[in-house]
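My numbering numbers the first residue of the sequence shown as 89 and each following residue consecutively. Ideal placement from N, C-alpha and C gives every residue a C-beta, glycine not left out. A quick note: this is a predicted structure, and the numbers were derived from the prediction, not measured. Take a look at the structure set out below.
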Amino acid sequence: MCGIVGYVGPKKALPILIDGLKRLEYRGYDSAGVAVVTRVQDHPTLRLDDGVTRTSFRPTIEVVKTKGRMTDLEAKIGESRLDERARPGVVAMGHTRWATHGVPSDRNAHPHTGCDGQFAVVHNGIIENYAALKEELQKEGHTFRSETDTEVVPHLLEKYYQGDLEEAVRATVRRLKGAFALVIASAEQPDRLVVVKSSSPLVMGLGDGENIVASDIQALLPHTRRVVVLDEGEMAVVRRDGVDVTTFTGVPVEKKVWEVPWDPIQAELGTFPHFMLKEIHEQPRALRDTLAGRVSEDGDIDLGLKMSDAELAAAERIYLVACGTAYHAGLVGRYLIERLARTAAEADVASEFRYRDPILRPGKDLMVVISQSGETADTLAALREAKRQGVKVVAITNVRGSSVDREADETIHTWAGPEIAVASTKAYTTQIAVLTAFALYLARAKGTIDVGDGRGAGDGEGHGDGGELWRRLAGDLRALPQKAQAMLAHEAAVKEFARECVQWHDVFFIGRGLDYSVAMEGQLKLKEISYIHAEAYAAGELKHGTLALIVEGVPVVALATQDALKDKTASNIQEVKARGATVLTLVKDTDKEITQQSNRVIPVPDTHDYLMPALTAIPLQLLAYHAAILRGCDVDKPRNLAKSVTVE
Ligand code: AGP
89 MCGIVGYVGP
99 KKALPILIDG
109 LKRLEYRGYD
119 SAGVAVVTRV
129 QDHPTLRLDD
139 GVTRTSFRPT
149 IEVVKTKGRM
159 TDLEAKIGES
169 RLDERARPGV
179 VAMGHTRWAT
189 HGVPSDRNAH
199 PHTGCDGQFA
209 VVHNGIIENY
219 AALKEELQKE
229 GHTFRSETDT
239 EVVPHLLEKY
249 YQGDLEEAVR
259 ATVRRLKGAF
269 ALVIASAEQP
279 DRLVVVKSSS
289 PLVMGLGDGE
299 NIVASDIQAL
309 LPHTRRVVVL
319 DEGEMAVVRR
329 DGVDVTTFTG
339 VPVEKKVWEV
349 PWDPIQAELG
359 TFPHFMLKEI
369 HEQPRALRDT
379 LAGRVSEDGD
389 IDLGLKMSDA
399 ELAAAERIYL
409 VACGTAYHAG
419 LVGRYLIERL
429 ARTAAEADVA
439 SEFRYRDPIL
449 RPGKDLMVVI
459 SQSGETADTL
469 AALREAKRQG
479 VKVVAITNVR
489 GSSVDREADE
499 TIHTWAGPEI
509 AVASTKAYTT
519 QIAVLTAFAL
529 YLARAKGTID
539 VGDGRGAGDG
549 EGHGDGGELW
559 RRLAGDLRAL
569 PQKAQAMLAH
579 EAAVKEFARE
589 CVQWHDVFFI
599 GRGLDYSVAM
609 EGQLKLKEIS
619 YIHAEAYAAG
629 ELKHGTLALI
639 VEGVPVVALA
649 TQDALKDKTA
659 SNIQEVKARG
669 ATVLTLVKDT
679 DKEITQQSNR
689 VIPVPDTHDY
699 LMPALTAIPL
709 QLLAYHAAIL
719 RGCDVDKPRN
729 LAKSVTVE
């Protein structure tokens, strides 16, 4: 998705814009640009009434933009010598564009200005009624220079501006339909930016005598950790000494100032070659931070939920709704909720759920949305559909202050720290840790697990065992960080298997139960980062068709960690080996039999079967990473993909 940075303050803005846009590169883009309100002398010195001669200046907006990468933009800024004219103290904005309307080109890059250059605008989202607006404006004599939807905004501002910038913005916004985060600068009021939020995220960083606006908290981190997040239908006038937030209709809004817990160092690359590898290796810490204070040594679990046990116990069905990797975490959650809390659960892809006209029941159904960024449009839409039907929503997200965080009834944050690489890794394993704790928490509320204090008369697993299963799971949950560290030690073995995978066009992942859920995540990682086609199959399904694709040498990753299913998976491993497949098996380090049957083995430290996904995912992430490196792919910014899909 596009990246936005705006600055109002006493410093030279261009370096701030460039640094901020580079921090947002991971979101994916194909062009970039900046606009700086500068001052140029537009007519000879004037003799004013008071007899004093002054040179009057008419501030002017200058735009430099280009197709390509940030390096191309920096070169173009240098050639234009904009940085010499962009003196301290004038407002400025920058943008990295991920093309939706109009091909990647210099003309279609943002910022966009109107006919007379009075306004500059950058935009995230899609203006759905831009064609009709463009036709109306052209009939009124406006000349368009780009194919974008965005360009209607500066022309509308020109149409409605009568000296009051805010009023012109309100009049403009009333005409727009769709998703838009806008940052607007006016040459005539160079001391302020006006920002608008409708669906696409927009945050403001409050500095000391300066303020910064951005599409993502990452860009604010070097300057401030005090953040104000705009909500739906809000706009703000941003000056160096403060921000005034109102609704689109002008009603003032008091906003909470969030203290972002991340420090800039965390968001830096450090000694790693890529963010993805850094974040894979951060998982032990991310798991430790996410579980801290939630799973105590004596086995208590506290998720800070406001919902009562009675409310949770009344839930008859749990909907886990998410996209991509977060959806794969939901598959794990569904399994654990049904097993431990004996409650019906389903995992849904948000883009399907939001359009299937779901029948939800207030008080009986509960939705759990999972989203690393907290800004995924489809997941947000599913959340809003549940709330429209009166169903409570619990969010699991990594970003405090994100739309999902603010709109859910309850939030259980993952504490993975900033996840920069497009491929979600530490977010996934911390989501699984939270979902495991949630399944236990729900089981305790429903009394389907014995927690050892005489409660737990239900019929779930561990019933009447005096709390043995509860303590085992809570203990293994607390031990996850150390065991995740042990999984990282297999990187060299995984890299060897990656060398075999890159020789092939297809790689298969097979497993049963929770292993199948992780296989789904493994195939997505490999595809999205190395561009090798991969498929995950329920191991029992192979003989119903896919076995026809297993030929001599084809790489197959088999997950066989579930005691109740591993013998059946062992048969499936034999099926593919008999047809010549090269098999990498992930199996408990205590399981000798399957180990002997495989070409390569990644032993997994023994832990309860339910906690295996957070461990087996790690070698699969490393496999994708090393395969991508061997194929020379852009690991952190894979083609066509974006970190946060804030449009449908
Ligand atoms: C994960 O590797 C992908 N980049 C993608 O599937 C991602 O998980 C999905 O877009 C959901 O993002 P979210 O967790 O921020 O909602």
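Query                                                                                                            : Result
Rounded C-alpha distance that separates residue 657 from residue 318                                             : 50 Å
Residue 582: CB within 6 Å of a non-hydrogen atom of ligand 1                                                    : no
Cβ neighbour criterion (16 or more within 10 Å) applied to residue 673                                           : buried
Proximity of residue 269 and residue 213 at Cβ, strictly below 7 Å                                               : yes
Integer-rounded CB distance, given that residue 179 should sit under 8 Å from residue 96                         : 5 Å
C-beta contact flag for residue 712 and residue 618 at 7 Å                                                       : yes
Near ligand 1: residue 203 beta-carbon under 6 Å from a heavy atom                                               : no
Assigned exposure category for residue 219 - 16 Cβ within 10 Å defines buried                                    : exposed
Nearest-angstrom Cα separation, counted from residue 123 out to residue 208                                      : 7 Å
Spatial distance of residue 175 from residue 340 (CA atoms)                                                      : 32 Å
7 Å Cβ cutoff, residue 632 in contact with chain C                                                               : Within the model displayed, chain C is absent; a lone protein chain is all it includes.
CA nearest to the CA of residue 416, picked from 229, 363, 613 and 240                                           : 613
Local conformation of residue 359 per DSSP, three classes                                                        : coil
8 Å CB neighbourhood of residue 389 in its chain, flanking five on each side removed                             : 382, 383, 525, 528, 529, 532 and 562
Beta-carbon proximity list for residue 93, same chain, < 6 Å, skipping 5 on both sides                           : 105, 108, 109, 182, 302 and 307
Close Cβ partners of residue 448 (< 7 Å) along its chain, the five nearest in sequence each way excluded         : 474, 477 and 479
Residue environment, residue 644, which counts as buried when at least 16 other CB atoms sit within 10 Å         : buried
Touch test, the segment 428-438 against the segment 700-720, Cβ-Cβ under 8 Å, three pairs minimum                : no
Cβ neighbour criterion (16 or more within 10 Å) applied to residue 361                                           : exposed
Alpha-carbon spacing of residue 129 relative to residue 173, whole angstroms                                     : Unreliable placement is indicated for residue 129, whose pLDDT of 45 sits below 50; the coordinate value is still reported in the next sentence. Answer to the nearest angstrom: the Cα atoms are 12 Å apart.
Residue nearest to residue 345 in terms of C-alpha spacing, selected from 489, 118, 654 and 621                  : 489
Any non-hydrogen atom of ligand 1 within 6 Å of residue 464 CB                                                   : yes
Runs of alpha helix (DSSP H) lying entirely within the segment 492-553, each at least 4 residues, in chain order : 514-534
Residue 185 - containing beta strand (DSSP E), residue span                                                      : 180-185
Proximity test, residue 482 beta-carbon vs ligand 1 heavy atom, cut-off 6 Å                                      : no
Among 456, 445 and 187, the one whose alpha carbon lies nearest that of residue 421                              : 456
Cβ-heavy atom distance, residue 325 to ligand 2, below 6 Å                                                       : Ligand 2 is not part of this structure, which contains only ligand 1.
Residue 411: CB within 6 Å of a non-hydrogen atom of ligand 1                                                    : yes
CA-to-CA distance, residue 464 to residue 733, given in whole angstroms                                          : 5 Å
Option nearest residue 688 by Cα separation, candidates 588, 493, 458 and 336                                    : 588
Boundaries (first-last residue) of the alpha helix (DSSP H) holding residue 199                                  : That residue, residue 199, is in no alpha helix (DSSP H); it is neither H nor E in DSSP.
The segment 287-303 / the segment 256-271 touching (three or more Cβ pairs under 8 Å)                            : yes
Distance, residue 492 Cα to residue 273 Cα                                                                       : 29 Å
Rounded straight-line distance, which links the Cα of residue 300 to that of residue 324                         : 12 Å
Within 7 Å, strictly: CB atoms of residue 485 and residue 459                                                    : yes
Beta-bridge pairing of residue 119 - partner residues as DSSP gives them                                         : 155 and 185
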